[in-house]
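Chains as they are written, first to last, in the working numbering: chain Y, 67 to 181; chain V, 1027 to 1141.
Where is the CB? At the ideal position from N, CA and C, for every residue including glycine.
Just below is one structure, and these are the notes that go with it.
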């Protein structure tokens, strides 16, 4: 059974700092890995999707890397801003054997960027 | 093209009442997933449906919970005789195809509070 772990659970940084969020998964036979952002009381916004054949994806100040063999992914945020404050979730799809590719989520890292 | 629409956004029920949560997938999407996020927990898969069919309900509690996705209209997650432990955020996601490489797009969620 796939398990996804995110460390740290919470992180507080001053504005302008670069930071790294970590995600690990127990079953390396993944198809892709997705990073989401969740604002308080809001839904999930997809940030980046890395296919299993890729090693990284970039979008603006965000860079996500994937190392399948070690079961790890990182989300790098450059020059953090107060607007980046949110909970960041990583998720991997797992074929359930019953016809669905359900996503398995980590519990998230709650990021606070202090002005 | 509207995103995944969930309503209501907030739902308050007393113990023993029924809760009905609705989800309209993105236009053109015929695959719907429901996830539940308990307080301080990660999102957990509940059920996967295609039009008029439940494909995978391995994450659904055995009693009181049911889901449907009729030929016409939104997908419905129904919780009968709610208890306080049902208080959570319920998220719906839709995808174009069920294959692993396809992104699941999430709605803003319904936050259920059971008094």
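{"Query": "Express the C-alpha separation of residue 95(Y) and residue 108(Y) in angstroms, rounding to a whole number.", "Result": "31 Å"}
{"Query": "If you reduce the DSSP assignment to three classes, tell me which class residue 1100(V) lands in.", "Result": "coil"}
{"Query": "Within the continuous beta strand (DSSP E) that includes residue 1055(V), where are the two ends?", "Result": "No beta strand (DSSP E) holds residue 1055(V); DSSP gives it neither H nor E."}
{"Query": "As a quick exercise: from 141(Y), 173(Y) and 82(Y), pick the residue whose alpha carbon is nearest that of residue 114(Y).", "Result": "141(Y)"}
{"Query": "What do you reckon, is the C-beta of residue 106(Y) under 7 Å from a heavy atom of the ligand MN?", "Result": "This structure does not include the ligand MN; it has no bound ligands of any sort."}
{"Query": "Select from the segment 1049-1076 of chain V all residues with a C-beta closer than 7 Å to any C-beta belonging to chain Y, and list them in chain order.", "Result": "1059, 1067, 1068, 1069, 1071 and 1074"}
{"Query": "State the CB to CB distance for the pair residue 1093(V) and residue 1080(V), rounded to an integer number of angstroms; the pair is presumed to be in contact (CB under 8 Å).", "Result": "7 Å"}
{"Query": "Output, in chain order, the set of chain Y residues within a Cβ distance shorter than 7 Å of residue 1132(V).", "Result": "109 and 110"}
{"Query": "Please list the terminal residues of the continuous beta strand (DSSP E) segment that includes residue 1075(V).", "Result": "1069-1076"}
{"Query": "Taking 8 Å as the cut-off, does the segment 1061-1077 of chain V touch the segment 1094-1111 of chain V (at least 3 CB pairs, one atom from each stretch)?", "Result": "yes"}
{"Query": "Confirm, please, whether the CB-CB distance from residue 1052(V) to residue 1116(V) is below 8 Å.", "Result": "no"}
{"Query": "Got a sec: which bits of the segment 159-181 of chain Y sit with their beta carbon under 8 Å from any beta carbon on chain V, in order along the chain?", "Result": "159, 161, 162, 164, 165, 166, 167, 168, 169, 170, 171, 172, 173 and 174"}
{"Query": "Take every Cβ of the segment 76-93 of chain Y, pair it with every Cβ of the segment 132-141 of chain Y, and state whether three or more of those distances are shorter than 8 Å.", "Result": "yes"}
{"Query": "What's the C-alpha gap between residue 1037(V) and residue 1044(V)?", "Result": "11 Å"}
{"Query": "Compute the beta-carbon to beta-carbon distance between residue 179(Y) and residue 68(Y), rounded to the nearest angstrom, for a pair I have assumed lies under 8 Å.", "Result": "About 30 Å separates the two Cβ atoms, so there is no contact after all."}
{"Query": "What are the start and end residues of the beta strand (DSSP E) that includes residue 1089(V)?", "Result": "It is not in any beta strand (DSSP E) - residue 1089(V) carries neither H nor E in the DSSP assignment."}
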